[in-house]
Amino acid sequence: MIAKLAKTCTLRISPEKLNFVLSDRVASAGVSMWCELEQENFFSEFQMEGISAENNAIYLDLTAENLSRALKTAQNARALKIKLTNKHFPCLTVSIELLSVSSSSRVVTHDIPVKVIPRKLWKDLQEPTIPDSDVSIYLPALKTMKSIVEKMKNISNHLIMEANLSGELNLKIETELVCVTTHFKDLGNPPPASEDASQERPPEQMAEVHIDIRKLLQFLAGQQVNPTRAVCNLVSNKIIHFDLLHEDVSLQYFIPALS
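Taking our numbering, I'd label the letters of the sequence shown as residues 82 to 340.
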């Protein structure tokens with residue numbers, strides 16, 4: 082999933098969690114991502130030591146596809162071990178113990194080059210602050226959205242996403258020649274974080290954000306399975322924040338509005 086969302090990303094390792102991070106630098110065209118895995122849900126043994134007790138973390142830049150490819154070979158593995166090693170350069174070494182026909186095991190090793198990020202750059206890679214949204218809405222099936230947005234991309238590079246507190250979501254493209262809108266109804270809205278937020282806004286009033294359609298399609302293409310929960314938060318004319326839960330993995334993805 083991460084490999085489809087970002088070519089390179091940062092892996093943040095801490096005693097309790099692993100995070101895949103994409104910050105909204107120029108390189109990522111303003112898109113940002115924060116994906117979180119609780120280590121105890123994935124590892125039977127876990128040992129790590131950061132820089133110090135106060136800064137007990139390790140930050141690594143890596144090519145997501147390299148890690149994805151290494152882990153794909155581990156689907157029928159007896160055991161899998163991931164280590165940070167130094168083989169002329171820093172590597173994430175993935176050792177996979179596979180069962181062979183003769184019931185003896187063989188070990189396949191992948192060395193994935195990584196770049197260790199110095200402490201002074203960590204501040205750019207913290208969990209993003211979640212903006213106060215104008216409208217928060219549950220998303221329809223992401224596969225359905227993807228097939229609609231793929232067709233719309235053939236007509237325009239820009240898309241208007243709008244939603245209200247009555248569970249309505251519209252995907253809209255407008256060009257000089259054509260205006261196409263897909264309407265979703267009865268999606269439901271998550272309960273507001275604060276009481277005041279819901280009382281001020283008329284339920285039928287739309288919040289809209291104008292975005293690059295390719296960024297939305299990249300996000301939808303990265304979703305291999307329908308998530309347990311999928312929420313979209315819109316901050317009018319500023320940003321769209323997707324908040325997904327895939328069983329043990331939570332993903333936050335931010336697409337900025339076009340200026």
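C-beta atoms are modelled at their ideal positions from N, C-alpha and C, and glycine is treated no differently. Owing to the predicted nature of the structure, the values given are computational and were not obtained by experimental measurement.
- It is roughly 10 Å from the alpha-carbon of histidine 169 to the alpha-carbon of proline 194.
- Per DSSP, the continuous alpha helix (DSSP H) segment holding glutamate 146 begins and ends at 145-153.
- Contact check for histidine 191 and alanine 151: beta-carbon distance about 4 Å, within the 8 Å limit, so the pair qualifies.
- A contact between stretches requires three or more CB pairs, one per stretch, nearer than 8 Å, and the segment 170-180 fails this requirement with the segment 126-140.
- Straight through space, the alpha carbons of aspartate 142 and arginine 200 are spaced by roughly 13 Å.
- Counting C-beta atoms within 10 angstroms of its own C-beta, alanine 160 has fewer than 16 neighbours from the protein chains shown and is therefore classed as exposed.
- For leucine 252 against valine 230, the beta-carbon gap comes to about 7 Å, under 8 Å, which counts as contact.
- Every beta strand (DSSP E) of 3 residues or more that sits fully in the segment 227-298 is shown, in chain order, as 239-244, 250-255, 260-265 and 288-293.
- A distance below 9 Å separates the beta carbons of methionine 233 and isoleucine 294.
- Residue environment: threonine 91 is assigned as buried (16 or more neighbouring CB atoms within 10 Å of its CB, all protein chains considered).
- For leucine 86, the enclosing alpha helix (DSSP H) stretches over residues 83-86.
- Rounded to whole angstroms, the separation of the alpha carbons of valine 102 and tyrosine 140 is 10 Å.
- In this structure, arginine 310 and leucine 325 form a Cβ contact; the two beta carbons are roughly 7 Å apart against a cut-off of 8 Å.
- For isoleucine 236, the CB contacts under 8 Å within the same chain, skipping 5 residues up- and downstream, are Ile254, Thr256, Val259 and Val261 in chain order.
- Taking every protein chain shown into account, the CB of valine 112 has 16 or more other CB atoms within 10 angstroms, so this residue is buried.
- Looking at the DSSP output, leucine 180 bridges to Ser186.
- Beta-bridge pairing by DSSP links histidine 169 to no other residue.
- In this structure, glutamine 286 places its C-beta atom within 9 Å of the C-beta atom of asparagine 245.
- Going by C-alpha positions, tyrosine 334 is about 14 Å away from leucine 220.
- Minimum Cα-Cα distance from serine 317 among the listed residues Glu328, Leu339, Ala288 and Val330 corresponds to Ala288.
- Inter-residue distance for lysine 164 and cysteine 172 is about 8 Å (C-alpha atoms, whole angstroms).
- Annotated as distal: serine 331 and proline 271, with beta-carbon spacing of 9 Å or more.
- For tryptophan 115, the uninterrupted beta strand (DSSP E) run begins and ends at 113-119, by DSSP.
- Residue pairing by DSSP places asparagine 100 opposite Arg93 and Glu117 in a beta bridge.
- Looking only at Glu119, Lys98, Met114 and Leu99, the smallest Cα-Cα distance to lysine 85 is reached by Met114.
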